[in-house]
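To keep things clear, I will list the structure first and then write my remarks on it.
Residue numbers (my numbering): 1000 to 1264.
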């Protein structure tokens, strides 16, 4: 592991500062603000690059959970309409489900003695078997696009705080930047959907269709939730993913300093 010249605090401050600047560019786009310094080169270009990275993680989330429920699928970028798509190649395949169940069963055996991991695997198995043979599993892999973005961002922040970044300061800074940036980007998108009718209409008409966006699909599939409720739930998930790494660090900060020689200041 390369030594770090920057402390965790300095790395986080650099990461969150650049994340704020870059995601303000996305805010300017949503609310049609003519902030040239934030929408032109280089900030606007960095913001666009971050957006495509978010699309990548988003579609990976859909694809993983399609496979999780037995649908072989591939993630792609959608250069015609923007964003991305995850394409199921076939319908649900029982052989894939059997393989998934076998892997989880092996995981329970492999991690005996690690109760937390066994509980996580057991919960995943219940999530699978509970929804695999009804239409609710489609709502799960619809939701997991946005949720995967938030979880990956949270993991990036966790890596920084617990010094699990072996290749030095640049990698640690990039983890902080993308960790904060992905969550801020999602929160700004949610805020725009709630407060900007023009952006809400663009979202509703994406892909040249109507109601094709994941959040529209979820509000349609889950009748007790309005579109605004789905957006608010996503905002809560993002806030939790932002705060949980810091809570875990606070609870185990002595372990981090003692075992990784990584100072907060």
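Backbone N, C-alpha and C fix where the C-beta goes; we use that ideal spot for every residue, glycine too.
Let's see if you can read the secondary structure: which residues bound the alpha helix (DSSP H) around residue 1072? Per DSSP, residue 1072 belongs to no alpha helix (DSSP H); it is in the beta strand (DSSP E), 1072–1076.
ask   = So residue 1024 and residue 1038 are in contact, right, with Cβ under 8 Å, and what is the actual spacing, rounded?
value = That belief holds up - the Cβ atoms of residue 1024 and residue 1038 are roughly 6 Å apart, short of 8 Å.
Coarse secondary structure for residue 1244, derived from DSSP in three states | helix
| request: Round the Cβ separation of residue 993 and residue 1089 to the nearest angstrom and send it over; I've been treating them as touching at under 8 Å. | output: Any answer about residue 993 is impossible in this case: the structure gives the chain only from 1000 up to 1264.
- Output the distance between the C-alpha atoms of residue 1165 and residue 1172, rounded to the nearest integer angstrom. 12 Å
*Residue of 1074, 1030, 1034, 1084 minimising C-alpha distance to residue 1198*: 1030
ask   = Going by Cα to Cα distance, which pick from 1159, 1074, 1245, 1096 is closest to residue 1005?
value = 1159
Within 8 Å, do at least three Cβ pairs link the segment 1012–1023 to the segment 1040–1047? The segment 1040–1047, when compared against the segment 1012–1023, does touch it at the 8 Å Cβ threshold.
Which residues in the same chain have their Cβ closer than 6 Å to the Cβ of residue 1257, if we skip the five residues on either side of it in sequence? Low confidence applies to residue 1257: its pLDDT is 48, below 50, so where it sits in the model is not reliable, and the reading given next is rough at best. Cβ within range, chain order: n/a, list empty.
ask   = Under a three-way DSSP split, which group does residue 1034 fall into?
value = coil
*Sorted by chain position, which residues of the same chain lie with C-beta nearer than 7 Å to residue 1093's C-beta, five sequence neighbours on each side aside?*
1069
Q.
Give me, in chain order, the residues of the same chain whose beta-carbon lies closer than 6 Å to that of residue 1170; leave out the 5 immediate sequence neighbours on both sides.
A. 1164
With three or more C-beta pairs closer than 8 Å as the rule, is the segment 1175–1189 touching the segment 1145–1162? yes
- Message: Which of the three DSSP states is assigned to residue 1218 in this structure?
- Response: Residue state, collapsed to three classes: helix.
Sub-7 Å separation of residue 1201 and residue 1214 beta-carbons: It is not a contact, given that the beta carbons lie outside the stated cut-off.
request  = From the DSSP output, in three-state form, read off residue 1085 for me.
outcome  = When DSSP states are grouped into helix, strand and coil, residue 1085 belongs to the strand group.
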